[in-house]
Amino acid sequence: MRERKRPWPPPWPDITDERVLDAIARVPREEFVPPEMREHAYSDVPLPIGYGQTISQPYVVALMTQLLRLEPDDRVLEIGTGSGYQTAILAELAREVYSVEAIRPLAEAAARRLRRLGYTNVHFRHGDGALGWPEHAPYDGIIVTAAPEEIPAALIAQLADDGRMVIPIGPEFTEQMLYLVEKRQGRIHTQPIAPVRFVPLVTPSWSEARGEVLDDEIDVCEEENGSP
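Per this note's numbering: the sequence shown = residues 393 to 620.
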């Protein structure tokens, strides 16, 4: 059990789920930001993590996590591992977390980081987030931490009945909308939650331009050494 080192998280009026607040308190955010950003780790702002990506504002992480309404036996899919901060919070709350990241160096670093912090219920894949991870579907919850212009059909197909998806939708460089998507008896219901601004969902062309092969699982056992 990780100890609180400071009054954290702050008192967000609309974040009332104690399990979510406790999970945020347990996960050391300073471990998920670059060394030069650690003095800002507990500021309620997004921070750059390299490759044009960011670690989300803590309030937004809390809001998206609360919207999922996770139970301890749930299986969760995360699209956009990033530094692994949101991944760790999900791992505190759910039985199994499957996380897909299109940028291989981020996926590998996150796998090392979470293994070092003791998380054993997280599985990583370097792949196209819009395709999800169908081999382990259906998922009780799906969280997307980058914005596509529309909800990917594959993610809807991989959502369990009575499952919930939280996803930002909208074009790059404009204000987007955070949506809650629920599947009930096979029907999809969407609810706008709040205006947001996320980095765009990375497309396969980004990795292909770097000569990377998509859709391979990251073996954390091979990633013991190297940068955190």
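Think of the CB as a built atom: it goes at the ideal place given N, C-alpha and C, for glycine as much as any other residue.
Report task. Please classify ILE585: does DSSP put it in a helix, a strand, or coil? Result -> strand
Query raised in the report: Can PRO424 and TYR477 be called in contact, C-beta distance under 8 Å?
Result: Per the sequence shown, the amino acid found at residue 424 is Phe instead of Pro. Yes. Within cutoff.
Query raised in the report: So the beta strand (DSSP E) TYR490 belongs to, where does it begin and stop?
Result: 488-493
Requested in this report: Throw me the rounded Cβ distance for the ILE535 and GLU470 pair, which I believe falls under 8 Å.
Outcome: 5 Å
**Report entry** Coil, strand or helix - GLN449 by DSSP
**Finding:** coil
Report task. Report yes if the CB atom of HIS528 is closer than 8 Å to the CB atom of TYR490, and no otherwise. Result -> yes
Query raised in the report: Since ILE561 and GLU541 are thought to touch, with beta carbons under 8 Å apart, how far apart are those beta carbons, to the nearest angstrom?
Result: 7 Å
Query raised in the report: Looking at ALA538 and GLY472, is the spacing between their C-beta atoms short of 8 Å?
Result: yes
Requested in this report: To the nearest angstrom, report how far apart GLN451 and VAL437 are at their CA atoms.
Outcome: First, the residue type needs correcting, since residue 451 is Tyr and not Gln in the sequence shown. Going by the C-alpha atoms only, they are around 8 Å apart.
Requested in this report: Report the rounded CA-to-CA distance for ARG496 versus HIS518, giving the unit in angstroms.
Outcome: 6 Å
Requested in this report: Take PRO587 as the anchor and find which of GLY578, MET569, GLU574 has the nearest alpha-carbon.
Outcome: MET569
Report task. Mind checking which residues open and close the alpha helix (DSSP H) that includes ARG430? Result -> Run containing ARG430: none; DSSP gives neither H nor E here.
Query raised in the report: In terms of alpha-carbon separation, which member of ARG430, PRO584, ALA483, ALA522 lies closest to ALA503?
Result: ALA483
Query raised in the report: Helix, strand or coil: which one does DSSP assign to TRP598?
Result: The pLDDT assigned to TRP598 is 48, lower than 50, so where the model puts this residue is not dependable; a value taken from the coordinates is nonetheless given after this. The answer is helix: DSSP assigns TRP598 an H, G or I state.
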